[in-house]
Each structure stands twice: as structure tokens, then as C-alpha cells.
Ligand SMILES: [Fe+2]
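Numbering (this note's numbering), first residue to last: -9 to 175.
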């Protein structure tokens, strides 16, 4: 599977371990679930939220969302890297972490329904095993677990925090397309 075509942002990751680990994570997740490139590109963003918002499976796609989160995270990080009072932000970690943050969804949903993994583990716990199998450093598993308040793992690094905020902004933007008042979420 040509993951680099699905996620062109991969080419700006300098660190070979991170870049190949993100590719391996998506490739393994797709193969484990019998998902080809076409199915991956049509995979829904987040079925429970789409059900709640009255959105069809193809109204919001996972690949688009992952790319949005990557762009948003980079957008948050770049201005801060100019400041002396901000610690070094590892842009490879920001990009790789954003690209892999939702990889567990391929195990959690089939169509718009939950799988056993989705039902018994919830989002995004299974992503830890996916990143581990891809030999990604534990920082990537931390980003996966801390990107959402659905777990009790809070971001411990600035990179993880930026990805959590980027995911929140990208998800809120989807909600705003349906709701006239975001307090109704
Ligand atoms: Fe996400």
C-alpha cells in the first residue's frame, strides 16, 4: 500500500525511524483489517460522532481529518519555534504524531459500526500496540493516548499538547458545520 500517496505530509519527516514507523503503522492497520487504499481513503472520520451529528459515512473522512490535524498542529507549532522562551519543538514528532494519532480507528470500526476492539477497548487504546509493532518510540504511543480526553493520559510534552489542541480544533470545525451553537455538542 502506498501510504506516502495517502499522506503526502510524510515526506517532510526527516527522521527515518519516525517516517517509516508511521508508514508501517498505517500499512499494518490496513492489512490487519483487509483495507485497501480505496477503502482507507473512504474510511469515515469517527462513526459515533457522525451518527450523533446526522452525518453520513462519507461526509467526513478519516484521511482528511488526519491531514487537517497534521496541518493544524504544524500551524500551532511553527510560530512558537521562533521564541527563545519556548523550548525546542521537535517538528518531526509533531508531524509523525499527528499522522498516527487516529490509526486505531481502523481496528475500532467497520463501516459505521463498532468492532469488538472498538466496543471493548474504546478509542484510541489499541493504537499503542500498533505503534509498538511499528517500532515507533514510546513518545508516539503517548501522543496517541493523550490526544483525546477519552483516556486519562494527559499530554506530558509540548508536542503531545499541540496535537491534542489541533485534534480538538479539527473536530470542533466539523461540529460547527452542523451545529449553529457549539455549546450543543
Ligand atoms: Fe483525531
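Each residue gets a CB set at the ideal place from its N, CA and C atoms; glycine is no exception.
What you are looking at is a predicted structure, and each value in this text was computed from that prediction instead of being measured.
Sorry if obvious, but does the Cβ on residue i come closer than 6 Å to a heavy atom of ligand 1?
i, result
"residue 157", "yes"
"residue 92", "yes"
For residue i, which of the options has the nearest alpha-carbon?
i, options, result
"residue 47", "111, 34, 39 and 58", "34"
"residue 79", "87, 67 and 103", "67"
"residue 70", "149, 30 and 41", "149"
"residue 178", "38, 27 and 50", "In the structure as shown, the chain begins at -9 and stops at 175. Residue 178 is therefore absent and cannot be evaluated."
"residue 6", "61, 24, 125 and 163", "125"
"residue 157", "11, 0, 87 and 14", "87"
"residue 15", "45, 96 and 171", "96"
"residue 2", "89, 32, 44 and 175", "89"
"residue 160", "52, 128 and 122", "52"
"residue 113", "77, 56, 36 and 123", "36"
"residue 123", "10, -6 and 28", "10"
"residue -7", "44, 163 and 27", "27"
"residue 170", "12, -4, 0 and 43", "43"
At which residues does the alpha helix (DSSP H) containing residue i begin and terminate?
i, result
"residue 96", "95 to 98"
"residue 89", "81 to 90"
"residue 41", "37 to 43"
"residue 0", "Run containing residue 0: none; DSSP gives neither H nor E here."
"residue 130", "128 to 136"
"residue 47", "Careful: residue 47 lies outside any alpha helix (DSSP H) and carries neither H nor E."
"residue 123", "117 to 123"
"residue 65", "52 to 70"
"residue 152", "148 to 166"
"residue 25", "Where residue 25 is concerned, there is no enclosing alpha helix (DSSP H), given that its DSSP letter is neither H nor E."
"residue -5", "-7 to -4"
"residue 111", "106 to 111"
Counting C-beta neighbours from all protein chains within 10 Å, is the total for residue i 16 or more, i.e. buried, or is it exposed?
i, result
"residue 58", "buried"
"residue 91", "buried"
"residue 41", "exposed"
"residue 94", "buried"
"residue 172", "exposed"
"residue 131", "buried"
"residue 30", "buried"
"residue 106", "exposed"
Open item on the list: Between the segment 134 to 149 and the segment 109 to 119, can you find at least three pairs of beta-carbon atoms closer than 8 Å?
Closed with: Counting Cβ pairs under 8 Å, three or more are found: they touch.
Task: Given 8 Å, three or more beta-carbon pairs between the segment 4 to 20 and the segment 137 to 146 - done: Under the Cβ criterion (8 Å, minimum of three pairs), the segment 4 to 20 does not count as touching the segment 137 to 146.
TODO: Would you check if the segment 76 to 96 and the segment 146 to 166 touch, i.e. whether three or more CB-CB distances between them fall below 8 Å?
DONE: In short, these stretches touch, since the Cβ pair count reaches three.
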